[in-house]
Amino acid sequence: VSALERHRVSVTGPADGTPMLFAHGFGCDQSMWRLVAPAFADEFRVVLFDHLGSGHTDPDAYDPVAYSTLDRYAQDVLEICHELDLREVVYVGHSVSAMIGVLAQIAEPDRFSRLVLINPSARYVDDGDYVGGFSRTDIDELLELMDSNNLGWQQPLAGMVMPGPELGEERAELDESFCRTRPDIARKFAAVTFLSDNRDDLASVSVPTLVVQNRHDTIAPLPAGTFVRDHIPGATLEIIETSGHCAHLSAPAETVAAVGAVVRA
Amino acid sequence: VTGDAVALFDQAPAAYVVLDRADGRILQANQAFLDLVRRPVAEVLASTFSDMVGVAGRIYTETHLMPMLDLTGRVDEVALDVVVDGGDRLPVLLNANLDRSGDRATVRVVLFEARERRRYESELLRVTREAEQARRQAVDLVATLQQTLVPPVLPQIPRLGVWATYRPAGAGDEVGGDFYDVFSIGPLQWMVVLGDVVGKGIPAATVTSFIRHALRDLAMQIADPAELLHALDRAMRAAASEKFCTAVVLRLTETEDGWAVSGAVGGHPLPLLGTRDGTVTELGRPGSLIGLLDDPHYSTFTHRLVAGEFVTVFTDGVTEAQRGPDLLGDRALHDLVRAASQDPSTVSEGLVRAAVAFQAGHPRDDIAVLTLHPS
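Residue numbers (my numbering), protein chains in the order written: chain H, 48 to 312; chain D, 3 to 377.
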């Protein structure tokens with residue numbers, strides 16, 4: 048199975064446009080970008096995908112051992128780039144996908160022209176003076192909670208073949224199952240997300256980087272965002288006056304403006 | 003009607019709160035909610051929903067609940083813990099929907115205490131994990147048990163090359179019935195046995211183990227292979243087991259120019275004799291299934307095995323390898339043996355590989371092949 052099928056990759060916008068690859072974070076899937084990505088499809092070749100284990104990817108294709116590190120997720124990003132032959136990629140990653148983009152850019156520096164990191168955190172667990180926002184106990188409780196939220200998972204979906212490239216009306220029928228990841232996979236994704244530490248990787252990023260930070264982010268607090276800006280050479284920070292952890296949902300217009308200001312420049 | 007609506011909210015038999023979607027602040031809370039969280043109304047109305055559900059609940063709310071509400075307008079049966087005054091955790095189930103009709107979007111949330119239900123679910127989860135662990139242990143046990151049915155390492159025999167290949171059926175989580183053994187019965191004398199116990203699983207494995215040990219014991223006392231099979235047949239019937247088996251036994255005695263082979267077959271495919279020039283013939287005559295009949299018959303054959311020849315014994319997992327209605331069959335088997343005859347060391351593995359490939363990687367039955375070649 049190709050990476051494009053495996054990740055339910057959808058491509059819109061002009062074929063000769065600069066590629067803009069949007070990577071969703073922990074929780075839900077590529078439809079998280081529905082209020083932001085279309086705003087770039089006039090000029091950019093907009094590529095959306097689901098991480099393995101998320102959205103409507105085949106749960107059997109998810110290998111819990113391989114996906115116990117963010118490197119494997121970064122490798123998937125690169126495989127998608129290779130199959131579509133994307134170059135000069137503008138990578139937009141939310142939440143954990145910010146660090147996945149950092150790892151991908153370090154692995155193939157020439158593949159990317161820019162990183163846009165939305166609500167990023169290089170480490171979610173506090174460490175000495177470093178403010179991640181969570182204690183280890185908090186994260187253990189989260190993993191337990193992921194275990195108990197098994198009610199939303201609908202087994203028959205595992206065998207269904209979902210439409211991939213044509214993200215359109217068919218999608219509406221699938222909304223019922225949106226964000227309902229199989230609990231054992233959701234738990235593993237939560238663990239790799241919230242227990243990773245990528246602080247030492249930031250200095251190796253070698254493309255212009257924009258950090259988009261919510262003023263009142265409930266998950267990646269302001270100090271975590273400024274840490275990312277301060278440790279990626281030349282990175283800039285744009286603060287959006289919103290709360291929650293999903294600027295692309297709670298403040299889509301501001302997010303489009305902040306991202307557009309750098310990528311259309 | 004307005005007054006009733008207020009009562010419907012305030013006195014609803016479920017905890018009920020209304021949130022500002024933008025920042026999660028609690029705009030309204032009914033009496034049942036205040037009772038649930040054991041906090042005064044002023045404190046509740048100065049809090050966000052995240053403040054009420056602990057850190058883990060906050061992460062889940064932001065990464066799953068709110069995005070689901072935004073897209074689908076509602077969520078059902080989400081499990082969270084509410085942090086009550088004093089820090090205790092109270093398991094709840096909640097339903098919520100999104101209201102975009104007003105100036106600002108709000109979220110209506112209804113919560114039910116779910117202590118009993120959560121206990122039941124935790125129990126279910128624990129049992130599921132135990133079952134998964136038990137399954138893994140069973141797979142390990144099968145692998146261990148299987149190793150007692152075939153020797154992990156074959157003995158090194160001077161001037162005789164022995165190549166054995168074994169492939170369990172399917173995914174390898176069940177003990178099969180195929181077995182083989184190679185052992186010394188005196189100076190320059192060796193026994194080779196290969197067979198198949200009818201059935202699978204632990205009962206078959208028990209019988210297989212019995213057969214291997216019985217054959218080792220009986221072969222020390224009985225020189226004639228046909229008599230050896232008769233003795234095994236009697237031993238199996240005396241053990242009152244309902245299981246029976248097929249087997250081929252070969253007794254090898256080293257001679258000046260090779261090996262003197264005597265053998266017998268019970269209910270089993272005949273051994274194949276291959277030569278370097280590509281001829282393939284069967285050795286011996288068919289005999290009865292072992293441990294089943296009142297009056298079985300077995301006959302001993304002999305052959306002088308010399309340089310350039312080889313003998314291959316195999317279980318019906320090879321010839322009865324099945325793809326749809328088709329069997330791999332004898333002719334294909336002979337062709338495969340002939341094709342590999344220039345290098346007898348490749349015969350065993352080649353046959354198993356062909357039988358597995360014929361069944362698209364998932365053999366329905368165990369496959370065991372053993373090849374002997376004077377060197």
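Virtual Cβ for every residue (Gly too), placed ideally from N, Cα, C.
Please read all numbers here as calculations on a predicted model, not as lab measurements.
| 7 Å Cβ cutoff, G102/H in contact with chain D | With 7 Å as the cut-off, G102/H does not count as an interface residue toward chain D.
| said: For the region 239–249 of chain D against the region 200–212 of chain D, do three or more pairs of beta-carbon atoms, one drawn from each stretch, fall closer than 8 Å, so that the two count as touching? | reply: Put simply, the region 239–249 of chain D touches the region 200–212 of chain D. At least three CB pairs are less than 8 Å apart.
| Does V358/D have its Cβ less than 7 Å from a Cβ in chain H? | Taking Cβ atoms only, chain H never reaches closer than 7 Å to V358/D, which makes this a no.
| At which residue ranges does the region 25–110 of chain D contain complete alpha helix (DSSP H) runs of 4 or more residues, listed in the order of the chain? | Listed in chain order, the complete alpha helix (DSSP H) runs (minimum 4 residues) inside the region 25–110 of chain D are 33–39, 43–47, 51–54, 56–62 and 68–74.
| task | Rank L100/D, V84/D, T210/D and V43/D by C-alpha distance to the C-alpha of R117/D and give the top, closest one. | result | The option with the nearest alpha carbon to R117/D is V84/D.
| said: Distance cutoff 7 Å, beta carbons only. Does H66/D sit that close to anything in chain H? | reply: H66/D counts as touching chain H.
| Under 9 Å from the C-beta of L117/H: neighbouring residues of chain D | Simply none; closest approach about 16 Å.
| query | DSSP three-state call for V194/D: helix, strand or coil? | reply | In the structure shown, V194/D sits in a strand (DSSP, three-state: E or B).
| Is DSSP giving H270/D helix, strand or coil here? | Three-state DSSP puts H270/D in coil, outside helix and strand.
| query | What is the DSSP secondary structure of E213/H, counted as helix, strand or coil? | reply | Bear in mind that the predicted position of E213/H carries a pLDDT of just 38, short of 50, making it unreliable; the figure below should be weighed with that in mind. Reduced to three states, the DSSP call for E213/H is coil.
| Sufficient close CB pairs (3 or more, under 8 Å) joining the region 167–178 of chain H to the region 138–148 of chain H | Yes, since at least three Cβ pairs between the region 167–178 of chain H and the region 138–148 of chain H fall closer than 8 Å, the two stretches touch.
| query | Beta-carbon of V109/D versus every beta-carbon of chain B: anything under 7 Å? | reply | Judged by its chain identifiers, the structure shown contains no chain B, and its protein chains are H and D.
| query | Quick one, which of A17/D, D25/D, V8/D and A9/D has its alpha-carbon nearest A298/H's? | reply | The residue with the shortest Cα to Cα distance from A298/H is D25/D.
| request: Classify G88/D as buried or exposed, calling it buried when 16 or more other Cβ atoms lie within 10 Å of its own Cβ. | output: Exposed, by the Cβ-count rule.
| Under the three-state DSSP convention, the category V8/D falls into | Residue state for V8/D is assigned as helix, using DSSP reduced to three classes.
| request: Quick one: list the residues of chain H neighbouring G26/D, beta-carbon separation under 8 Å, in chain order. | output: Residues of chain H passing the Cβ test: T265, S290 and G291.
| query | What residues in its chain sit with their C-beta under 7 Å from that of P271/D, if we drop five residues either side in the sequence? | reply | These residues qualify, in order along the chain: F316, D318 and T321.
| request: Under 6 Å Cβ to Cβ from E79/D, same chain only, skipping five residues before and after it: list those, please. | output: Counting only Cβ-Cβ distances below 6 Å, and skipping sequence neighbours, we find L95.
| request: Compute the distance between the beta-carbons of V184/D and P157/D, then report whether it is under 7 Å. | output: Their beta carbons are under 7 Å apart, which means V184/D touches P157/D by this criterion.
| Looking at G140/H and L164/H, is the spacing between their C-beta atoms short of 7 Å? | It is a contact, given that the beta carbons lie within the stated cut-off.
| field | Continuous alpha helix (DSSP H) stretch holding Q260/H: start and end | value | Premise fails: Q260/H lies in the beta strand (DSSP E), T256 to H263, not in any alpha helix (DSSP H).
| query | Got a sec: is the Cβ-Cβ distance from L99/H to anything in chain D below 7 Å? | reply | No, because no Cβ of chain D sits closer than 7 Å to the Cβ of L99/H.
| said: I'd like to know if Y122/D contacts chain H, where contact means its C-beta is closer than 7 Å to some C-beta of that chain. | reply: Taking Cβ atoms only, chain H never reaches closer than 7 Å to Y122/D, which makes this a no.
| task | Kindly give me the distance between the Cβ atoms of V258/H and G281/H, rounded to whole angstroms, as I take these residues to be in contact under 8 Å. | result | The pair is not a contact, with the Cβ atoms about 11 Å apart (cut-off 8 Å).
| said: On a Cα-Cα basis, can you pick out the residue from F73/H, H103/H, S78/H and D63/H that is closest to R92/H? | reply: Ranking the options by Cα distance to R92/H, first place goes to D63/H.
| said: Restricting to runs no shorter than 3 residues, where is the beta strand (DSSP E) found entirely within the region 275–306 of chain D? | reply: Fully enclosed beta strand (DSSP E) runs of no fewer than 3 residues occupy 282–284 of the region 275–306 of chain D, in order along the chain.
| DSSP-derived helix/strand/coil call for H103/H | DSSP places H103/H outside both helix and strand once states are collapsed to three, so it counts as coil.
| Whole-angstrom Cβ separation of G269/D and S290/D, contact assumed at under 8 Å? | Confirmed, about 6 Å.
| field | Partner residues on chain D for S57/H, Cβ-Cβ distance less than 8 Å | value | Within 8 Å Cβ-Cβ: nothing; S57/H doesn't reach chain D, min ~16 Å.
| task | Please classify I204/D: is it buried, with 16 or more other beta-carbons within 10 angstroms of its beta-carbon, or exposed? | result | By the 10 Å Cβ count, I204/D comes out exposed.
| request: For R60/D, go through chain H and note every residue whose CB falls closer than 8 Å to its CB, in chain order. | output: Taking a Cβ-Cβ cut-off of 8 Å, the neighbours of R60/D in chain H comprise T265 and I266, given in sequence order.
| task | Would you verify that the beta carbon of D90/D is, or is not, closer than 7 Å to some beta carbon of chain H? | result | No, no contact with chain H.
| Helix, strand or coil: which one does DSSP assign to I224/D? | Under the three-state reduction of DSSP, I224/D is assigned to coil, being neither helix nor strand.
| Close Cβ partners of V111/D (< 6 Å) along its chain, the five nearest in sequence each way excluded | The answer, listed in chain order, is V19, L96 and A98.
| task | Run the CB neighbour count on R134/H, radius 10 Å, all protein chains shown included, and call it buried at 16 or more, exposed below. | result | Looking at its Cβ environment, which holds fewer than 16 other Cβ atoms inside 10 Å, R134/H is exposed.
| task | Please compile the residues from chain D whose C-beta is within a distance smaller than 7 Å of the C-beta of S78/H. | result | Against chain D, the beta carbon of S78/H has neighbours under 7 Å at L73, listed in chain order.
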